[in-house]
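Read in order, the letters of the sequence shown correspond to residues -11 to 202 in this note's numbering. C-beta atoms are modelled at their ideal positions from N, C-alpha and C, and glycine is treated no differently. The block underneath contains the structure these notes are about, expressed in structure tokens.
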Amino acid sequence: MNPMPSVDSGGPAGMMAADLLGCIEASDDAGFDRIYPPAIRGLSAAHWSPVAIARRAARFLAREPGTRVLDIGCGPGKFCMVGALTTAGLFTGIERRAHLREIGRKRIAGAGIANAEIQEGNVDDVDFTRFDAFYIFNPFAENVGEAPAIDTTVPLSAGLYATYTGIVAAGLAAAPPGTRVVTFWGACEEVPPGYACVGRSENGELKFWEKRGD
Ligand SMILES: C[S@@+](CC[C@H](N)C(=O)[O-])C[C@H]1O[C@@H](n2cnc3c(N)ncnc32)[C@H](O)[C@@H]1O
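The following block contains the structure:
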């Protein structure tokens, strides 16, 4: 495994919001992923959300204009970009790996997407009260070998899996009734009791959750 397979030599020049939207409309992941450098593109099938999944998840999460959606473990920002281009929500990503944050930020700015951003830091830096809805694509599974490691730039351990999962579960437990969450793959251990699974698809791997009233 390359320790950092993401040196940013740039995507194709001039890939703007309209180009990305065309790829989203066509469910063309290969086309969308051309915005990324080849090494990051190569990780897409295993680690970044397919555009059709991201679009459906974003539609459920951003239920009204201005809904603040957090992607927990956003990678190079693919979900945030798809959500921002297809809804009137405000999309923020948090990403542990600095080089992925950097690539995502450059692509968001380069495409001229105003309603997406990538925040500095790790999931333990998140103020969950700043967000209305959450997207969780199996971010911590690589710590316990349930997903292939993206690279070797960060420590991985079962202890970190438990710590990060607990942080998200506590943040979601404190969120108000009506809070929406989408999970894609994974054991969904980040979703605490009190959330009802109100829909599922992709053989149950895409799940739509809503917090019940107290
Ligand atoms: C499966 S990828 C999903 C990427 C993105 N959400 C998407 O749907 O395209 C999970 C991401 O979570 C990030 N991640 C893992 N642990 C994290 C943590 N503790 N804080 C922030 N990001 C984390 C990984 O670096 C990886 O980029």
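If you look at C11, you'll find it in the alpha helix (DSSP H) that goes A5 to E13. The beta carbons of G92 and A46 sit no closer together than 8 angstroms. A distance below 8 angstroms separates the beta carbons of D112 and I155. Each of G65, T74, I28 and C62 was checked against the Cα of A14, and the nearest Cα belongs to T74.
Secondary structure in the region 64 to 134: the alpha helix (DSSP H) runs of 4 residues or longer, each lying completely within the stretch, are 66 to 74 and 86 to 99 in chain order. R44 and P164 have their C-alpha atoms some 23 angstroms from each other. Cα atoms of A40 and I12: separation of roughly 7 angstroms, rounded to the nearest angstrom. By the criterion of at least three beta-carbon pairs nearer than 8 angstroms, the region 115 to 127 is not in contact with the region 16 to 28.
In the DSSP assignment, the residues bridged to I60 are I82. As the crow flies, the alpha-carbon of G109 is around 12 angstroms from that of G63. Between the beta-carbon of D59 and that of F48 there is about 14 angstroms, and that puts the pair past the 8 angstroms contact cut.
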